[in-house]
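See structure below.
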Amino acid sequence: MADLGSAWAVTESPWTPAHQAIEDGDIDTFARLLDSGADPNEKCCGVTLLIHAIDYEADTAIQSSSDMSVAFTAVVLAYGASPHIPNEMGVPPGEFAQDYGHMLAKRLIERFS
Numbered sequence: 001m002a003d004l005g006s007a008w009a010v011t012e013s014p015w016t017p018a019h020q021a022i023e024d025g026d027i028d029t030f031a032r033l034l035d036s037g038a039d040p041n042e043k044c045c046g047v048t049l050l051i052h053a054i055d056y057e058a059d060t061a062i063q064s065s066s067d068m069s070v071a072f073t074a075v076v077l078a079y080g081a082s083p084h085i086p087n088e089m090g091v092p093p094g095e096f097a098q099d100y101g102h103m104l105a106k107r108l109i110e111r112f113s
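Residues 1 to 113 in UniProt numbering are what the sequence shown spells out, letter by letter.
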C-alpha cells in the first residue's frame, strides 16, 4: 500500500514574508513589514510586490464575485514601490492592472507615475 502521508507534507512557502502577507490577504502584516523596512520593490519568483498586489486583488474579486479592492496596491505604492517595474513578461503594472480589469489600481498607479 502506498504511503499517502507524504502527499500531505507541509512544504516551506516560496514567498518572502511580504509576498506571503499578500497571499494571506493580511493587509496589517503587509503594512507592518513595509514599515519595518521590507523593500517595496522586492521580487520573489519574478514578481514584484506591486504586481502581486494587483494580481491578488483582481483574482480575489473575480473568484468571489465581489468588488475589487485596492488596499494592497495603495499600501505598497505609499511605501515607494515603483510603478514602472514590469512583470516577468515585460508588462508594466498599470498595463497589467488594465488587462486584469482592475481599473482602480490602474488609476492609482497613474497617480504615482
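Where is the CB? At the ideal position from N, CA and C, for every residue including glycine.
Backbone CA spacing between residue i and residue j [nearest angstrom]
i           : j     : result
His34       : Ala61 : Looking at the sequence shown, residue 34 is not His but Leu. Taking the straight line joining both Cα atoms gives about 24 Å.
Glu42       : Thr48 : 6 Å
His52       : Gly37 : 18 Å
Ser64       : Cys45 : 26 Å
Ala2        : Gly25 : Here Ala2 scores only 47 on pLDDT, less than 50, and its place in the model should not be relied on; the value that follows carries that caveat. Rounded to whole angstroms, Ala2 to Gly25 spans 36 Å at the Cα level.
residue 115 : Ile85 : Only positions 1 to 113 of the chain appear in the structure, and residue 115 is not among them; the question remains open.
Short Cβ contact (8 Å threshold) for residue i with residue j
i     : j      : result
Val76 : Leu104 : no
Pro40 : Ala81  : yes
Ile27 : Tyr100 : no
Phe30 : Phe72  : yes
Glu57 : Val70  : yes
Assigned exposure category for residue i - 16 Cβ within 10 Å defines buried
i      : result
Met68  : buried
His102 : buried
Ala93  : Checking the sequence, you will find Pro at residue 93 rather than Ala. When all chains shown are included, Pro93 counts as buried.
His19  : buried
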